[in-house]
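Asker: Mapping of the sequence shown onto our numbering: position 313 corresponds to residue 313, and the numbering continues sequentially without gaps. We treat Cβ as the ideally placed atom computed from N, Cα and C, and that holds for glycine. A quick note: this is a predicted structure, and the numbers were derived from the prediction, not measured. Next up is a structure, given as structure tokens.
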Amino acid sequence: MTGNAARAFDPSTDSKQLVAAELAGDDVSLLDFARKAGRNIFSVIPEATRTQTYLRGPANMHYVCDPAMITELLAGVGRHFPKSSFTHNVIGPAVGNGMILSEGQKWRTQRHRYAPLFAARNLPVLTSHFAGTGEELGEFFAKANGKVDVADAAQEATLTNISRVMFSGNEAVSKQDVRNGMRRFTDYISYMSLFDLMGLPKWMPRKKWLKSKKPIHSLRQLARDVIETRQAKRHETPEDFLDLLIEALESDSEDIDTTVDNLLTFVAAGYETSANTIAWGLYLLAMHPETQSMIRQEVLRACPSGAIAFEDLQKMPLLQAHVRETLRLYPAGALFARDATERTETNGVIFEKGDVIMFPVYSLHGHEELWDAPQEYRLDRFLDKTYPRGQYIPFGDGPRICIGAQYAETEIMVLLASALCRVSFEMTGDVLPAPVLTFTMRPGGPIVLTAKSLG
1 MTGNAARAFD
11 PSTDSKQLVA
21 AELAGDDVSL
31 LDFARKAGRN
41 IFSVIPEATR
51 TQTYLRGPAN
61 MHYVCDPAMI
71 TELLAGVGRH
81 FPKSSFTHNV
91 IGPAVGNGMI
101 LSEGQKWRTQ
111 RHRYAPLFAA
121 RNLPVLTSHF
131 AGTGEELGEF
141 FAKANGKVDV
151 ADAAQEATLT
161 NISRVMFSGN
171 EAVSKQDVRN
181 GMRRFTDYIS
191 YMSLFDLMGL
201 PKWMPRKKWL
211 KSKKPIHSLR
221 QLARDVIETR
231 QAKRHETPED
241 FLDLLIEALE
251 SDSEDIDTTV
261 DNLLTFVAAG
271 YETSANTIAW
281 GLYLLAMHPE
291 TQSMIRQEVL
301 RACPSGAIAF
311 EDLQKMPLLQ
321 AHVRETLRLY
331 PAGALFARDA
341 TERTETNGVI
351 FEKGDVIMFP
361 VYSLHGHEEL
371 WDAPQEYRLD
381 RFLDKTYPRG
391 QYIPFGDGPR
401 ICIGAQYAET
411 EIMVLLASAL
421 CRVSFEMTGD
431 VLPAPVLTFT
441 MRPGGPIVLT
451 AKSLG
């Protein structure tokens with residue numbers, strides 16, 4: 001399946017063949033890497049990463065798909081290896097000193113400060129906001145009652161959630177202004193400079209410098225305004241993520257600039273990733289109508305009327321398994337990297353100081369040695385089954401595992417469940433986009449499905 005380009009879906013011949021990213025079929029030289037990676041990183045990840053557990057890349061790059069090595073490099077001997085320099089170069093101007101890029105004691109302090117915000121005890125409050133957006137999303141699909149771009153609809157829904165739980169409280173700014181600002185912000189950080197990817201010195205001119213930084217400056221100012229406005233009008237009991245964020249700010253010595261950095265970090269990490277998972281999840285359900293029907297019945301049994309509450313999600317194991325299988329096939333964080341800061345040997349492989357260690361999650365999750373029929377959708381993979389550590393890492397692993405993993409899974413489940421209560425989804429004859437990878441893995445174009453109102 002890998003290597004398929006975008007194509008028209010033909011239910012009579014390939015109803016179960018899933019659209020896939022196109023990886024590099026031949027060895028990738030450093031020149032090829034520099035020339036292609038800025039447009040789509042998938043084009044430089046070797047196809048062999050799906051059959052080999054370790055592969056040497058160009059220059060000082062290594063690709064690792066061995067679960068034991070991954071665990072050692074993320075949670076063991078390499079647990080202190082920093083995010084790669086090209087990651088800093090690509091998103092550093094947008095998220096500053098936020099937790100996603102900070103290292104050492106600065107990172108530990110921020111992780112400790114913000115971990116309670118994402119604790120399970122706060123998810124019921126956030127779920128109430130997600131449920132409101134979910135009802136709106138379901139109504140949108142029901143009114144469409146025909147072809148609809150679910151990728152665009154999912155982006156609008158997750159943007160609405162961010163507006164509600166992270167940017168609420170500033171009546172002077174409309175929700176649409178917030179959403180437009182976040183779209184421009186995400187588009188800006190998704191641009192990949194070849195020089196950044198190659199790790200060339202920061203003083204060397206980048207084409208990106210010609211792009212206006214207005215989207216970053218505008219959203220940073222908006223974030224500061226919203227924080228200061230809410231500080232002046234605190235709720236007695238936290239009602240959303242922003243209340244929780246300010247509670248952490250005022251109970252610690254963090255300056256407001258770092259708080260803005262982290263607010264934008266959470267935006268950058270959580271908006272497009274959740275939206276894309278929802279879109280791919282709806283696509284997979286359209287491809288598997290019997291599974292879609294089973295999950296819909298589960299949702300209706302768990303929540304027969306009214307908005308979905310956090311406790312309802314515990315009664316939806318099929319939906320949870322579907323979300324996890326979606327993240328296996330289409331992981332939003334399809335690749336991440338670390339820089340080795342000292343000479344390290346793991347499983348007979350030597351990483352020298354300064355080497356770049358690539359973790360191609362997309363290849364790992366579809367690896368032929370690790371998964372049975374890896375390119376097929378199988379709901380039961382995540383029903384009462386466990387896998388070796390390092391084999392399934394949609395949110396990373398080790399100390400720097402995504403702090404918002406449970407937040408994201410909750411949001412995705414609520415929005416999918418809300419949509420399934422109102423409509424059924426079917427495939428159309430429209431071209432399906434292959435995944436592309438820049439800052440996150442995203443569809444290469446619209447995902448058009450038919451939404452049919454259930455009445």
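#1: With C-beta atoms as the reference, is PHE81 less than 7 Å away from ALA451?
#2: I'd like to check one pair, PRO399 with ARG50: are the Cβ atoms closer than 7 Å?
#3: Enumerate, from N- to C-terminal direction, the unbroken alpha helix (DSSP H) stretches of 4 or more residues contained entirely within the segment 223-255.
#4: Who are THR346's beta bridge partners in DSSP?
#5: In the DSSP assignment, find the alpha helix (DSSP H) that holds VAL448 and state where it starts and stops.
#6: By how many angstroms is the C-alpha of ALA232 removed from the C-alpha of LEU282?
#7: For ASN538, is the classification buried or exposed, using 16 other Cβ atoms within 10 angstroms of its Cβ as the cut-off for buried?
#8: Once you ignore the five residues that flank ALA144 on each side, which residues in its own chain have a CB closer than 7 Å to its CB?
#9: Measure the beta-carbon distance from HIS62 to ASP355 and round it to whole angstroms, keeping in mind my assumption that it falls under 8 Å.
#10: Please go through the same chain and pick out, in chain order, the residues whose beta-carbon is closer than 7 Å to the beta-carbon of ALA68, but skip the five residues on each side of it.
#11: Could you have a look at PRO304 and say whether DSSP puts it in helix, strand or coil?
#12: Leaving out the 5 sequence neighbours to the left and right, which residues in its chain are closer than 8 Å to GLU247 when beta-carbon positions are compared?
#13: Please classify HIS129: does DSSP put it in a helix, a strand, or coil?
#14: When you compare only the Cα positions, how much space is there between GLN105 and ILE357?
#15: Counting along the chain, where does the alpha helix (DSSP H) carrying LYS106 start and finish?
#16: For the segment 402-410 against the segment 110-122, are there 3 or more C-beta pairs whose distance is under 8 Å?
#17: Express the C-alpha separation of SER29 and ILE295 in angstroms, rounding to a whole number.
#18: Tell me whether the beta-carbon of VAL260 lies closer than 7 Å to the beta-carbon of ARG224.
#19: Pick out whichever of ARG108, GLN314, THR53, ARG183 has its Cα sitting closest to the Cα of VAL349.
#20: Am I right that HIS288 and TYR392 are in contact with their C-beta atoms under 8 Å? What's the rounded C-beta distance?
#21: Mapping DSSP to helix, strand and coil, what is VAL95?
#22: At the level of alpha carbons, what is the spacing between ASN122 and VAL150?
#23: Leaving out five residues on either side along the sequence, give the residues of the same chain with a beta carbon under 8 Å from the beta carbon of LYS16.
#24: Looking only at DSSP bridge pairs, what is LEU55 linked to?
#25: What separation, rounded to the nearest whole angstrom, lies between the Cα atoms of SER293 and GLU139?
#26: Quick one: measure Cβ to Cβ for PRO443 and ASN276, integer angstroms, because I've assumed they're closer than 8 Å.
#27: Under the rule that 16 or more other beta-carbon atoms within 10 Å means buried, what is ALA321, buried or exposed?
#28: At what residues does the alpha helix (DSSP H) containing ALA417 begin and finish?
#29: According to the neighbour-count rule (16 or more other Cβ atoms, all chains shown, within 10 Å of its Cβ), is SER274 buried or exposed?
#30: Spatial neighbours of GLU103 within its chain, please: C-beta separation below 8 Å, excluding the five flanking residues on both sides.
#31: So LEU327 is in the alpha helix (DSSP H); what residue range does that whole segment cover?
#32: Which whole-angstrom value describes the C-beta separation of MET441 and TYR387, a residue pair presumed to lie in contact below a C-beta threshold of 8 Å?
Answerer: Let me spell this out:
#1: As a position in the sequence shown, residue 81 is number 81, starting the count at 1. As a position in the sequence shown, residue 451 is number 451, starting the count at 1. Taking 7 Å as the cut-off, the beta carbon of PHE81 is found no closer than this to the beta carbon of ALA451.
#2: Walking along the sequence shown from the start, residue 50 turns up at place 50. Walking along the sequence shown from the start, residue 399 turns up at place 399. No, these two residues do not count as a Cβ contact at 7 Å.
#3: 241-250
#4: Taking the sequence shown and counting its residues from 1, the one referred to as residue 346 is at position 346. Looking at the DSSP assignment, THR346 forms a beta bridge with VAL349.
#5: Indexing the sequence shown from 1 puts residue 448 at position 448. Element bounds for VAL448: not the alpha helix (DSSP H) but the beta strand (DSSP E), 448-453.
#6: By 1-based counting over the sequence shown, the position of residue 282 is 282. By 1-based counting over the sequence shown, the position of residue 232 is 232. Between LEU282 and ALA232, the C-alpha separation is close to 41 Å.
#7: In the structure as shown, the chain starts at 1 and stops at 455, and residue 538 therefore has no counterpart that could be examined.
#8: Start at 1 with the first residue of the sequence shown, and residue 144 comes out as number 144. The answer, listed in chain order, is ALA451.
#9: Position 62 of the sequence shown, counted from the start, is the residue given in the question as residue 62. Position 355 of the sequence shown, counted from the start, is the residue given in the question as residue 355. That pair is a contact at about 6 Å.
#10: Taking the first residue of the sequence shown as position 1, residue 68 is located at position 68. ASN347, GLY390.
#11: Your numbering for residue 304 matches position 304 in the sequence shown. Here PRO304 sits in coil by DSSP.
#12: Taking the sequence shown and counting its residues from 1, one reaches residue 247 at position 247. Residues of the same chain with a CB within less than 8 Å of the CB of GLU247, apart from the 5 flanking positions on each side, are PRO238 in chain order.
#13: For the purposes of this step, residue 129 is taken as residue 129 along the sequence shown, with counting starting at 1. Look at HIS129 here: in three-state DSSP terms it is helix.
#14: For this step, residue 105 is matched to residue 105 along the sequence shown. For this step, residue 357 is matched to residue 357 along the sequence shown. Cα to Cα, GLN105 sits roughly 23 Å from ILE357.
#15: Taking the first residue of the sequence shown as 1, we reach residue 106 at position 106. Unbroken alpha helix (DSSP H) run through LYS106: 104-114.
#16: By the Cβ criterion, the segment 402-410 is in contact with the segment 110-122, since at least three pairs of Cβ atoms, one from each stretch, lie closer than 8 Å.
#17: By 1-based counting over the sequence shown, the position of residue 295 is 295. By 1-based counting over the sequence shown, the position of residue 29 is 29. If you take the alpha carbons of ILE295 and SER29, they lie about 45 Å apart.
#18: On the sequence shown, position 260 is the one that residue 260 refers to. On the sequence shown, position 224 is the one that residue 224 refers to. Going by C-beta atoms, VAL260 is nearer than 7 Å to ARG224.
#19: In the sequence shown, residue 349 corresponds to position 349, counting from 1. Nearest of ARG108, GLN314, THR53, ARG183 to VAL349, Cα basis: THR53.
#20: The residue given as residue 288 occupies position 288 in the sequence shown. The residue given as residue 392 occupies position 392 in the sequence shown. Contact doesn't hold; Cβ gap of about 20 Å is too wide.
#21: Working through the sequence shown from its first residue, we reach residue 95 at position 95. Looking at VAL95 - three-state DSSP - the assignment turns out to be helix.
#22: Numbered from 1 along the sequence shown, position 122 holds the residue referred to as residue 122. Numbered from 1 along the sequence shown, position 150 holds the residue referred to as residue 150. Spanning the two alpha carbons is a distance of roughly 29 Å.
#23: Position 16 of the sequence shown, counted from the start, is the residue given in the question as residue 16. Here the set comprises MET287, HIS288, GLU376, TYR377.
#24: Counting from one through the sequence shown, the residue named residue 55 turns up at place 55. Partner(s): TYR63.
#25: In the sequence shown, the residue the question calls residue 293 occupies position 293. In the sequence shown, the residue the question calls residue 139 occupies position 139. Rounded to whole angstroms, SER293 and GLU139 show a C-alpha spacing of 19 Å.
#26: Here residue 443 refers to the residue found at position 443 of the sequence shown. Here residue 276 refers to the residue found at position 276 of the sequence shown. About 7 Å separates the two Cβ atoms, so the contact holds.
#27: In the sequence shown, the residue the question calls residue 321 occupies position 321. Classification for ALA321: buried.
#28: Locating residue 417 in the sequence shown gives position 417, where the first residue counts as 1. Here the alpha helix (DSSP H) through ALA417 covers 405-422.
#29: Within the sequence shown, the letter at position 274 stands for residue 274. By the 10 Å Cβ count, SER274 comes out buried.
#30: Position 103 of the sequence shown, counted from the start, is the residue given in the question as residue 103. If we look at GLU103 and ignore the five residues flanking it on each side, its Cβ neighbours are PRO82, LYS83.
#31: The residue you call residue 327 lines up with position 327 of the sequence shown. LEU327 -> alpha helix (DSSP H) spans 317-329.
#32: Here residue 441 refers to the residue found at position 441 of the sequence shown. Here residue 387 refers to the residue found at position 387 of the sequence shown. Contact doesn't hold; Cβ gap of about 21 Å is too wide.
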